[in-house]
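Below is one structure, written out as structure tokens; the observations come after it.
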Amino acid sequence: MMNYPPLQIAIASGKGGTGKTTLAVNLAFALEVPVRLLDCDVEEPNAHLYFYAGLKESVPVSVQVPEIDFALCQFCGDCSRFCRFNALAVGKKTALVFKELCHNCGGCKLVCPHQAIREVPWVIGKKEIVSQDSVELIQGCLDIGRVQASPLIRIIRKEASKDKLTLIDCPPGTTCPMIAAVEGSDYALLVTEPTPFGLNDLKLAVETLRVLKIPFGIILNRSQGKDSIIHSYCREEGINILMEIPDRRQIAEACSRGELAFCQDEEIRSQLRELLPTIMMQINFSMVSPEGVRP
Amino acid sequence: MKIAITSQGETLAAQAEERFGRCRWILIIDTETGNLVARDNEIQRDAVQGAGIQTAEKILREEVDCVVTGHCGPKAFRVLQAAGIKIYLGAEGTGEKVLKDFQEGKLKLAETSDVEGHWV
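Structure representation (structure tokens):
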């Protein structure tokens, strides 16, 4: 069986609703090799909707937040002065922790001269797993009322496989959660659509990836099959459009039924399978043996 | 009695600030002596988060008995309440008017926060 090196490929976009998840899931299944898929859109993970098996395993995920030992606290306020996120408030006889503001750096514990701070786990979400055919999906799901998307994404990101291909379904936008999801990837696929909104947010995503020095290529979804604003932008910027997916009612209908619409179309499916060799050439990575050893 | 009034300026002639956490100035007034100290709170105007918490912490250091402001969110309220500071809401107009309203008992003693964080 053909195998791929343990590359990490992020699927991002800028604009929401361009087809990141659809592409990620269809690509994962089209390759027909063991693939790990990480759904890092933790505020609204939905890749699992394509898995008829349903989510199997669920594990709570927590971050470390400070807890004050009032037997030791002298109310000096060093912790509060240190915290850039204003997560602590210390008065003459009071000390409060606002764990929802904490960014889990552990600094308050380090600067406390009285060892009055210890770190305790605080559950922010869960990690859920389902396997179907050759694809293993691991998704992060942020608990309702929690705001720690980036910390949860970083925890899910650590699940990237050491021996097989990992695809990362990223959240939209170009803020911290998107960056947490794409960071550390070998390559990014930017999914866009030929609309002014698609172009605007694509430009932002391109700028972000250039700063992060992550090589990328573009997948144009809902392509009208003619020259578009995305084509002219890519020509000007010298960016590769790796693949165009046609704007077809049949595809939309299959998606709405939870089917793998791109895999059902022979032409799209074979283009998906050609993506990996193209990506590897772009990042100078050769095909490897089934043992996954780099030549 | 010492009270803190959130304000847009350094004196009682200035308008009181209805936002607690991101007020520009905090006026500390000793009602017995009439002594007034203005504390600069500019730094919290650009706080990414937790402006109310830090403004409240700054007020704790002044050892006031009460705070008079327009509105107060849940986190700042928790900090002040834990230190036993009374919170009066509904401040409107100049600092002088607010001080008079407070002394005449026209302002409401808050039992809970009256707005969510980031309400403006």
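Respectively, the protein sequence lines represent chains B and G. The first sequence begins at 1448 in the working numbering and counts up by one. The second sequence begins at 86 in the working numbering and counts up by one. All C-beta atoms in this analysis are idealised placements derived from N, C-alpha and C, irrespective of residue type, glycine included.
Report task. Provide the residue span of the beta strand (DSSP E) that contains D1525 of chain B, from first to last. Result -> Residue numbering aside, residue 1525 of chain B sits at position 78 when the first sequence is read from its first letter. Element bounds for D1525 of chain B: not the beta strand (DSSP E) but the alpha helix (DSSP H), D1525 to F1529.
Query raised in the report: Within the 9 Å Cβ cut-off, does S1736 of chain B reach chain G?
Result: Within the first sequence, residue 1736 of chain B is the residue found at index 289, counting from 1. Only weak support exists for where S1736 of chain B lies, its pLDDT of 48 falling under 50; the coordinates are left without a value.
Query raised in the report: So, helix, strand or coil for M86 of chain G, using DSSP?
Result: For the purposes of this step, residue 86 of chain G is taken as residue 1 along the second sequence, with counting starting at 1. DSSP places M86 of chain G in coil when its eight states are reduced to three.
Query raised in the report: Excluding the five sequence neighbours on either side, which residues of its own chain have a C-beta within less than 6 Å of the C-beta of D162 of chain G, listed in chain order?
Result: Translated into positions along the second sequence, residue 162 of chain G becomes position 77. With the sequence shown as reference, residue 162 of chain G is identified as Phe, and Asp is not the correct amino acid for it. If we look at F162 of chain G and ignore the five residues flanking it on each side, its Cβ neighbours are S198.
Query raised in the report: Which whole runs of the beta strand (DSSP E) in the region 1514 to 1592 of chain B are 3 residues long or more, in chain order?
Result: 1535 to 1537, 1542 to 1544, 1564 to 1579 and 1582 to 1589
Query raised in the report: So, using beta-carbon positions, are E102 of chain G and T154 of chain G closer together than 9 Å?
Result: As a working mapping, residue 102 of chain G is identified with position 17 in the second sequence. As a working mapping, residue 154 of chain G is identified with position 69 in the second sequence. Result yes, Cβ atoms of E102 of chain G and T154 of chain G sit closer than 9 Å.
Query raised in the report: Between which two residues does the beta strand (DSSP E) carrying Y1451 of chain B extend?
Result: For this step, residue 1451 of chain B is matched to residue 4 along the first sequence. First-last for Y1451 of chain B: undefined, no H or E at that position.
Query raised in the report: Does the distance from the CB of E1575 of chain B to the CB of H1495 of chain B come in under 9 Å?
Result: Here residue 1575 of chain B refers to the residue found at position 128 of the first sequence. Here residue 1495 of chain B refers to the residue found at position 48 of the first sequence. Yes.
Requested in this report: Run the CB neighbour count on D1525 of chain B, radius 10 Å, all protein chains shown included, and call it buried at 16 or more, exposed below.
Outcome: Taking the first residue of the first sequence as 1, we reach residue 1525 of chain B at position 78. It counts as buried.
Query raised in the report: Based on the DSSP secondary-structure assignment, which residues constitute the bridge partners of K193 of chain G?
Result: The residue you call residue 193 of chain G lines up with position 108 of the second sequence. DSSP lists G:L174 as partners of K193 of chain G.
Report task. Assuming Y1634 of chain B and I1715 of chain B form a contact by the criterion Cβ under 8 Å, report the distance between their Cβ atoms to the nearest whole angstrom. Result -> One-based indexing of the first sequence puts residue 1634 of chain B at position 187. One-based indexing of the first sequence puts residue 1715 of chain B at position 268. With 8 Å as the limit, Y1634 of chain B and I1715 of chain B do not qualify as a contact, their Cβ atoms being about 20 Å apart.
Query raised in the report: For H203 of chain G, which three-state DSSP category applies?
Result: Along the second sequence, one-based indexing puts residue 203 of chain G at 118. In the three-state DSSP reduction, H203 of chain G falls in the coil class, being neither helix nor strand.
Query raised in the report: If contact means a Cβ-Cβ distance below 8 Å, which residues of the region 1648 to 1666 of chain B contact chain G?
Result: The region 1648 to 1666 of chain B vs chain G, Cβ under 8 Å: nothing.
Query raised in the report: Rounded to whole angstroms, how far is the Cβ of I1585 of chain B from the Cβ of I1603 of chain B, which I believe are closer than 8 Å?
Result: Walking along the first sequence from the start, residue 1585 of chain B turns up at place 138. Walking along the first sequence from the start, residue 1603 of chain B turns up at place 156. So it is a contact: roughly 6 Å between Cβ atoms.
Query raised in the report: Excluding sequence positions up to five away, which residues of its chain have a Cβ less than 6 Å from the Cβ of S92 of chain G?
Result: Reading the second sequence from its first residue, position 7 is the one you call residue 92 of chain G. These residues qualify, in order along the chain: A99, A101, E102, W110, L112 and G180.
Report task. List the DSSP bridge partners of C1681 of chain B. Result -> Start at 1 with the first residue of the first sequence, and residue 1681 of chain B comes out as number 234. Looking at the DSSP assignment, C1681 of chain B forms no beta bridge with any residue, so it has no partner.
**Report entry** Inside the region 86 to 142 of chain G only - beta strand (DSSP E) runs reaching at least 3 residues
**Finding:** 87 to 92, 110 to 115 and 121 to 125
Query raised in the report: Is it the case that the Cβ atoms of A1457 of chain B and I1666 of chain B are separated by a distance below 9 Å?
Result: The residue given as residue 1457 of chain B occupies position 10 in the first sequence. The residue given as residue 1666 of chain B occupies position 219 in the first sequence. No, they are not a contact pair.
Query raised in the report: Run through DSSP, which three-state label would S1429 of chain B get?
Result: The first residue shown for chain B is 1448 and the last is 1742, placing residue 1429 of chain B beyond what the model contains.
Query - Separation of L192 of chain G from D186 of chain G, as counted between CA atoms - result: Sequence index remark: in the second sequence, residue 186 of chain G carries index 101 (1-based). Sequence index remark: in the second sequence, residue 192 of chain G carries index 107 (1-based). The alpha-carbon atoms of D186 of chain G and L192 of chain G are separated by roughly 6 Å.
Query raised in the report: Using the rule of at least 16 other Cβ atoms within 10 Å of the residue's Cβ for burial, across every protein chain shown, is S1675 of chain B buried or exposed?
Result: To locate residue 1675 of chain B, count along the first sequence from 1; it is residue 228. Classification of S1675 of chain B: buried, given that the 10 Å Cβ count is 16 or more.
Query raised in the report: Under three-state DSSP, which class holds V1482 of chain B?
Result: Within the first sequence, residue 1482 of chain B is the residue found at index 35, counting from 1. Note: V1482 of chain B maps to strand in three-state DSSP.
Requested in this report: Anything in chain G within Cβ reach of T1622 of chain B, meaning under 8 Å, just list it in chain order.
Outcome: The residue labelled residue 1622 of chain B in the question sits at position 175 within the first sequence. None at all; the shortest Cβ gap to chain G is about 13 Å.
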